[in-house]
Amino acid sequence: MQTESLSQRTAERLRAQILEEHKYRCGEKLPNENELSVSLGISRTTLREAIRTLASEGLLEVRRGCGTFVTGELDRMAHSGVNVQEIIQMKVALRDLYEARLIFEPEAAALACKRASDEEIAQILSLGEACQRELRLDPRGKNRIASESAFHGAIIKASHNEFLGQFMPTLTRTIEQTFAYAQNLEVIAADAYKDHILIMEFLKKRDAAAVKSAVTVHLHHAVQHEQISLDES
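Under full-length UniProt numbering, the residue at position 120 of the sequence shown is numbered 120, and the numbers go up by one with no gaps.
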């Protein structure tokens, strides 16, 4: 717990140096690991944990063989007049929400393949087609938010697992946060359209393994296009 607390304090210190003190600016490379750990009075292990945290927020970018850089995304955000700290907090929230969805949603889809009635499958497919229409009409529209929540929510409901049903607010919040973040929405929509075709096809065939993979890929596509770093360690 002590190491974790120290790494968090180190991340906060570096964050302040970048956002408030402007000690390190957009696109600038941070000092090497040895130099930076000495200047902060911490171990290299603690520094790595802090950098991993800031990289997951999109504040830092670790380039293998080159070093750690302040992301250029901050410069774009600053010139657009948005609150950088709010964007970072939103990105952290999205990371956590997508991590949660990746844990329960593919499994829920697999269970839906096995447990859903024919009527439920037909309803899911109908909701999926409605979602596809909204994706074509307006990728940024409010109707798309509602249609996407309804489609994915119907799949979770069809898993007939009471506990999984309790994750419905997580699903809705992720979709709403994605639109609030407004990062690459058109690209996400294009991939979502293709992903939904596979998800619906595998549900129709009741291929649990295939639909589980399709939902996983669908969520990873969104994470990738929103430039969110999931900690795989």
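We put the beta carbon where it would ideally sit given N, CA and C, even for glycine.
Since the structure is predicted, the reported quantities are computational estimates derived from the model, not experimental observations.
For N184 and R206, I'd like the C-alpha separation in whole angstroms.
Each residue's alpha carbon lies about 32 angstroms from the other.
For the 8 angstroms Cβ check, are there 3 or more pairs between the stretch 22 to 36 and the stretch 61 to 71?
yes
Beta-carbon within less than 7 angstroms of N143's beta-carbon, same chain only, minus the 5 sequence neighbours each way: which residues are those?
Within the same chain, Cβ atoms closer than 7 angstroms to the Cβ of N143 are found at E134, the five residues on either side in sequence being excluded.
Taking its Cβ as the centre, do 16 or more other Cβ atoms sit within 10 Å of G81, making it buried, or is it exposed?
Caution applies to G81, whose pLDDT of 48 falls short of 50 and renders its modelled position unreliable; the value that the coordinates give is listed next. Result: exposed.
Taking the straight line between their C-alpha atoms, what separation do you get for residue 271 and V62?
Nothing in the structure corresponds to residue 271, since the chain is present only between 1 and 233.
What's the call for P169, buried or exposed, on a 16-neighbour Cβ count within 10 Å?
Burial call: exposed.
Closer than 8 angstroms by C-beta to Q172: which residues in its own chain qualify, once you throw out the five before and the five after it? Chain order, please.
According to the sequence as given, residue 172 is Thr; it is not Gln. So the qualifying residues of the chain are S149 and G153.
Cβ pair F179, I228 closer than 9 angstroms
no
Outcome for L14 when other beta-carbon atoms lying within 10 angstroms are tallied against a minimum of 16:
buried
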